[in-house]
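Numbering-wise, the sequence shown is residues 1 to 723 according to full-length UniProt numbering.
Beta carbons: idealized from backbone N, C-alpha and C, even for Gly.
Computed from a predicted model, the values in this text were never measured in an experiment.
Quick notes on the structure that follows.
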Amino acid sequence: MELATSMEAIHARAAELGVDLDAVDLDSITLPPGEDFGILSDDEDLLQNEDIPELEMGFSNIIVVDNLPVVPPEKYEKLENVVRKIYSQIGVIKEGGLWMPTHPETQKTYGYCFIEYNTPQEAEVAREKTNGYKLDKSHIFAVNMFDDFEKYMKVPDEWAPAEIKPYTPGENLLKWLTDDKARDQFVIRAGTFTEVYWNDARRLIPELVYQKQYWTDSYIQWSPLGTHLATVHRQGAQVWGGDDKFVRLMRFAHPQVKLIDFSPGEKYLITYSSQEPSNPRDTHRVLLNIFDVRTGKVMRDFKGSADEFTSGGSMGVSGVSWPVFRWGGGKDDKYFARLGKNVISVYETETFSLLDKKSLKVENVVDFSWSPTDPIISLFVPELGGGNQPARVSLFQMPGKEEIRQKNLFSVSDCKMYWQNNGEYLAVQVDRYTKTKKSIYTGFELFRIKERDIPIEVFELENKNDKIIAFAWEPRGHRFAVIHGDGPKPDISFYAMRTVKDGVSVSRVAKLATLKGKQANSLFWSPAGRFIVLAGLKGFNGQLEFFNVDDLETMATGEHFMATDIMWDPTGRFLATAVTSVHEMENGFVIWSFNGKQIYKISKDHFYQFQWRPRPPSLLTPEKEDEIAKNLKRYSKKYEQEDQDVHNQVDEAERKRRMQLQEDWEGWLAKWKQLHEEERSYRMELRGGEDSDKEEETEIKEIEAEELVDVTEETVAFDLDQD
């Protein structure tokens with residue numbers, strides 16, 4: 001059915017373009033080397049109405065433990081229990097996965113055993129941790145992977161020197177960070193083209209870096225640190241990178257993949273696909289693979305029905321919450337977790353198995369989120385038993401799964417959790433019922449994560465009945481903003497988590513200002529803090545206000561009509577607003593300066609995506625950044641001169657452009673004057689020898705014409721008088 005539908009789409013598209021497919025010689029079509037444009041060749045495996053094949057692990061999940069004691073039958077069970085106890089602490093041993101061979105006559109063990117784990121990663125860790133393990137003075141374990149025996153059997157009897165291959169440098173994946181103009185890159189997807197650009201604000205135009213048609217079948221995504229650009233295809237996903245050529249770095253085979261997600265440190269990539277069931281009453285079958293980005297190796301896969309992956313998160317495809325797995329523990333990629341029924345399953349990436357081999361059991365848990373910087377989970381449990389058991393928010397520290405803070409909440413309707421990007425604060429927005437339960441009001445529980453005993457401050461707006469439209473923390477700062485109100489133009493308030501009293505900084509929430517009646521429903525802080533864009537999307541048709549929170553003043557206002565997306569660049573210097581193909585008109589994007597000046601506007605038909613390329617964290621220390629900020633004027637002189645030079649170059653280029661236009665005009669004029677002169681004799685012949693080109697010989701005659709008015713009326717009157 002899928003292929004039939006695809007062919008119908010192809011014929012329909014061909015009809016729109018006026019192409020007769022029957023007249024096309026398909027055998028004459030040659031694709032560029034290394035490119036398939038998503039077209040499967042005859043030798044590629046097709047997945048059509050078939051179950052997703054399971055990956056064959058071979059014997060890579062089996063280890064061989066040698067130098068065990070040789071024991072008689074009566075001691076067999078005791079030795080087996082000792083071995084099982086040692087190795088079950090490392091990973092999950094499969095049922096029947098521990099086997100100690102015995103001599104058929106004496107029934108004594110041979111002194112070795114085979115252990116089969118669930119995953120190759122667990123087996124590898126077991127080998128690393130127990131090879132050389134001292135059971136007693138006479139028995140020191142020698143542990144090998146089962147696959148290694150085959151490898152060692154292939155070692156030739158005669159030694160031969162290793163072949164030394166010439167060194168070939170790999171792709172410089174960070175070259176883009178060394179741009180001498182300190183520009184940022186962005187990628188766009190419009191029509192069938194995907195394009196990467198430099199944001200050249202000095203020249204007021206984007207500079208094309210790389211362009212490719214049919215680069216992706218679905219969408220594109222930067223990795224969190226900007227090292228890779230991922231594309232999604234029917235056969236799987238791919239990552240690209242390099243200088244300015246964007247070469248393919250790795251392929252990840254996963255047929256019919258629909259969604260992808262990187263780990264924060266870019267070490268792993270999760271891919272997702274689903275298959276429609278043959279029985280309409282059944283749910284979709286889901287497959288998730290976790291790949292090592294560098295090697296392309298599958299580290300772990302998860303299979304099941306869509307119902308098993310629908311808890312928490314925002315909806316992705318087939319009713320499944322996305323992302324299914326949420327990464328935590330900072331940029332080390334040590335832990336990932338998913339929400340289940342009454343449990344949060346936390347996995348560690350050393351073995352890709354459950355942490356401590358069991359899930360964190362939390363009755364009725366409905367949501368959780370990780371601290372952006374630390375292995376801390378915050379979770380929310382709603383009320384139970386009609387309010388007899390209060391709702392609560394809890395913090396758990398990994399890997400010990402220790403509950404480090406808890407707050408009970410009463411009369412709760414809903415709850416949202418917002419982490420500050422430095423992991424210093426957690427804001428819990430709590431919607432509560434009034435006593436009559438006829439209306440709802442909102443308050444906040446503010447957790448100070450880095451302070452001793454994690455103090456919690458209860459915070460409410462001056463009018464606690466105001467509807468909360470948006471909440472956002474200041475990145476790398478201690479302030480937050482709230483849009484609140486019930487009218488068509490809500491208010492926006494700014495608060496600080498610290499206040500100064502008697503010259504001393506005190507940990508207490510303080511109100512900074514309230515802006516009345518703003519056309520805004522979204523908040524976009526600059527990644528560097530201090531500046532914020534108050535945006536009115538959807539019903540407000542793209543209203544923009546650029547606000548300086550330090551000085552509490554509006555720097556500029558603007559509008560991008562029908563804007564659907566707003567994105568700061570990673571440095572906080574520029575802002576992009578875009579109208580995507582959600583709307584049929586006005587597709588394209590606009591680049592603004594941080595203070596609200598429009599830099600340039602680009603229109604693109606069928607505009608699908610705009611993404612800034614992320615940057616890795618700065619290598620500068622906070623002290624060095626403070627020193628640069630204090631001496632900014634001294635540093636800025638160099639760049640002001642560079643800006644002036646570029647401005648002069650732009651002025652010179654504009655002058656040359658105008659001179660060229662003048663020269664082109666004069667050349668065109670001279671060409672037609674010459675042609676006019678060459679045709680002079682022909683014109684004279686047509687005019688009987690008259691030379692009409694000489695203006696002084698032109699004779700001008702003036703003719704006067706008299707007009708008679710009411711002659712008929714006067715004549716009629718005269719005749720009447722005669723009678």
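Check your understanding: Does DSSP put N648 in a helix, in a strand, or in coil?
Key -> Reading the sequence shown from its first residue, position 648 is the one you call residue 648. DSSP places N648 in helix when its eight states are reduced to three.
Point to revise | E122 burial status per 10 Å Cβ neighbour count (16 or more: buried) | key: Translated into the one-based positions of the sequence shown, residue 122 becomes position 122. E122 should be labelled buried.
**Study point:** Inter-stretch contact (C-beta, 8 angstroms, three-pair minimum) for the region 596–613 and the region 177–189
**Key:** yes
**Study point:** Host beta strand (DSSP E) of A126 (start-end)
**Key:** Along the sequence shown, one-based indexing puts residue 126 at 126. No beta strand (DSSP E) holds A126; the alpha helix (DSSP H) holding it covers P120 to T130.
Practice item. Have a look at M398, L552, V582 and E350 and flag the residue whose alpha-carbon is nearest the alpha-carbon of A126. Key: Here residue 126 corresponds to residue number 126 of the sequence shown, with the count starting at 1. Checking every option, the nearest Cα to that of A126 belongs to E350.
Check your understanding: Could you give the distance in angstroms between the alpha-carbon of T231 and the alpha-carbon of E80?
Key -> Sequence index remark: in the sequence shown, residue 231 carries index 231 (1-based). Sequence index remark: in the sequence shown, residue 80 carries index 80 (1-based). If you take the alpha carbons of T231 and E80, they lie about 49 angstroms apart.
Practice item. Please check the pair R508 and Y495, which I expect to be a contact at CB under 8 angstroms, by giving their CB distance rounded to whole angstroms. Key: Translated into positions along the sequence shown, residue 508 becomes position 508. Translated into positions along the sequence shown, residue 495 becomes position 495. Wrong, their Cβ atoms sit about 11 angstroms apart, outside the cutoff.
**Study point:** Inter-stretch contact (C-beta, 8 angstroms, three-pair minimum) for the region 364–378 and the region 391–404
**Key:** yes
Check your understanding: In this structure, what does DSSP give as the bridge partners for D565?
Key -> By 1-based counting over the sequence shown, the position of residue 565 is 565. DSSP output for D565 lists A578 as bridge partner(s).
Exercise for review: Over the uninterrupted alpha helix (DSSP H) stretch that includes A629, give me the two end residues.
Suggested key: Here the question's residue 629 lines up with position 629 in the sequence shown. Segment P622 to K630, the alpha helix (DSSP H) holding A629.
Check your understanding: Ends of the beta strand (DSSP E) at K601?
Key -> Position 601 of the sequence shown, counted from the first residue, corresponds to residue 601. K601 -> beta strand (DSSP E) spans Q598 to S603.
**Study point:** Rounded distance between the beta-carbons of G328 and S359, thought under 8 angstroms
**Key:** Counting from one through the sequence shown, the residue named residue 359 turns up at place 359. Counting from one through the sequence shown, the residue named residue 328 turns up at place 328. About 15 angstroms; that fails the 8 angstroms criterion.
**Study point:** Euclidean distance between Cα positions of G477 and V293
**Key:** Within the sequence shown, the letter at position 477 stands for residue 477. Within the sequence shown, the letter at position 293 stands for residue 293. Using only the alpha carbons, I get a separation of about 33 angstroms.
Review point. P490: which of A253, V506, W473 and K518 sits nearest, CA to CA?
Key: As a first step, residue 490 must be located in the sequence shown, where it is residue number 490. The residue with the shortest Cα to Cα distance from P490 is K518.
Point to revise | Three-state secondary structure assigned by DSSP to N342 | key: Sequence index remark: in the sequence shown, residue 342 carries index 342 (1-based). It is coil, neither helix nor strand.
Review point. Whole-angstrom Cβ separation of L426 and F447, contact assumed at under 8 angstroms?
Key: Along the sequence shown, one-based indexing puts residue 426 at 426. Along the sequence shown, one-based indexing puts residue 447 at 447. So it is a contact: roughly 4 angstroms between Cβ atoms.
Exercise for review: Round the Cβ separation of G443 and E457 to the nearest angstrom and send it over; I've been treating them as touching at under 8 angstroms.
Suggested key: Position 443 of the sequence shown, counted from the first residue, corresponds to residue 443. Position 457 of the sequence shown, counted from the first residue, corresponds to residue 457. With 8 angstroms as the limit, G443 and E457 do not qualify as a contact, their Cβ atoms being about 11 angstroms apart.
Point to revise | Minimum C-alpha distance to Q389 - residue among F141, N408 and V143 | key: Here residue 389 is taken as the residue at index 389 of the sequence shown, counted from 1. Ranking the options by Cα distance to Q389, first place goes to N408.
Point to revise | Range of the contiguous beta strand (DSSP E) that encloses K212 | key: Your numbering for residue 212 matches position 212 in the sequence shown. K212 -> beta strand (DSSP E) spans I205 to Q213.
Point to revise | Own chain, CB closer than 7 angstroms to D333, minus 5 neighbours either side, in chain order | key: To locate residue 333, count along the sequence shown from 1; it is residue 333. S263, P264, G265, K267, Y268, W327 and T349.
Practice item. From the DSSP output, in three-state form, read off R530 for me. Key: If you number the sequence shown from 1, residue 530 lands on position 530. Three-state result, R530: coil.
Practice item. Would you list the one or two residues that DSSP bridges to K473? Key: Within the sequence shown, the letter at position 473 stands for residue 473. The residue you asked about is not Lys; residue 473 is Trp in the sequence shown. Bridge partners of W473: F480.
Practice item. Output the boundary residues of the beta strand (DSSP E) element that contains D367. Key: For this step, residue 367 is matched to residue 367 along the sequence shown. Segment D367 to W370, the beta strand (DSSP E) holding D367.
Point to revise | Segment contact, 8 angstroms Cβ cut-off, at least three pairs: the region 561–574 with the region 533–548 | key: yes
Point to revise | From G242, D282 and N422, residue whose alpha carbon lies closest to that of K331 | key: For the purposes of this step, residue 331 is taken as residue 331 along the sequence shown, with counting starting at 1. It is N422.
Check your understanding: Taking three-plus beta-carbon pairs below 8 angstroms as touching, is the region 197–216 in contact with the region 629–639?
Key -> no
Practice item. Output yes or no for whether 9 angstroms exceeds the beta carbon distance between Y112 and M100. Key: Start at 1 with the first residue of the sequence shown, and residue 112 comes out as number 112. Start at 1 with the first residue of the sequence shown, and residue 100 comes out as number 100. Yes. Within cutoff.
Check your understanding: Measuring CA to CA, which of R248, R251 and T271 is closest to V257?
Key -> As a working note, residue 257 is residue 257 in the sequence shown. Among R248, R251 and T271, the Cα nearest to that of V257 is on T271.
Point to revise | Reduced DSSP category for F193 - H, G, I as helix; E, B as strand; rest coil | key: In the sequence shown, the residue the question calls residue 193 occupies position 193. Residue state, collapsed to three classes: strand.
Check your understanding: Sorted by chain position, which residues of the same chain lie with C-beta nearer than 7 angstroms to P277's C-beta, five sequence neighbours on each side aside?
Key -> On the sequence shown, residue 277 is found 277 positions in, with the first residue counted as 1. Result list for P277: T283, H284 and R285, in chain order.
Practice item. Consult DSSP for V500 and reduce its assignment to one of helix, strand or coil. Key: Taking the first residue of the sequence shown as position 1, residue 500 is located at position 500. V500 falls in the strand class under three-state DSSP.
Check your understanding: Looking at the unbroken beta strand (DSSP E) that takes in E545, where does it start and where does it end?
Key -> Counting from one through the sequence shown, the residue named residue 545 turns up at place 545. Q543 to N548 is the extent of the beta strand (DSSP E) around E545.
Review point. Whose C-beta lies closer than 8 angstroms to the C-beta of Y635 among residues of the same chain, with five residues either side of it excluded?
Key: Working through the sequence shown from its first residue, we reach residue 635 at position 635. Answer for Y635: I628, listed in chain order.
**Study point:** Exposure of L384, with buried meaning 16 or more beta-carbon neighbours within 10 Å
**Key:** As a first step, residue 384 is located in the sequence shown; it is residue number 384 there, counting from the start. By the 10 Å Cβ count, L384 comes out exposed.
Check your understanding: Which residue's Cα is closest to the Cα of M250: W198, I90 and T227?
Key -> As a position in the sequence shown, residue 250 is number 250, starting the count at 1. Comparing Cα-Cα distances from M250 to each of W198, I90 and T227, the minimum goes to T227.
Check your understanding: Can you name, in chain order, every residue of its own chain whose Cβ lies under 7 angstroms from the Cβ of T194, other than the five neighbours on each side?
Key -> For the purposes of this step, residue 194 is identified with residue 194 of the sequence shown, where counting begins at 1. So the qualifying residues of the chain are V187, K212, W215, T216 and I220.
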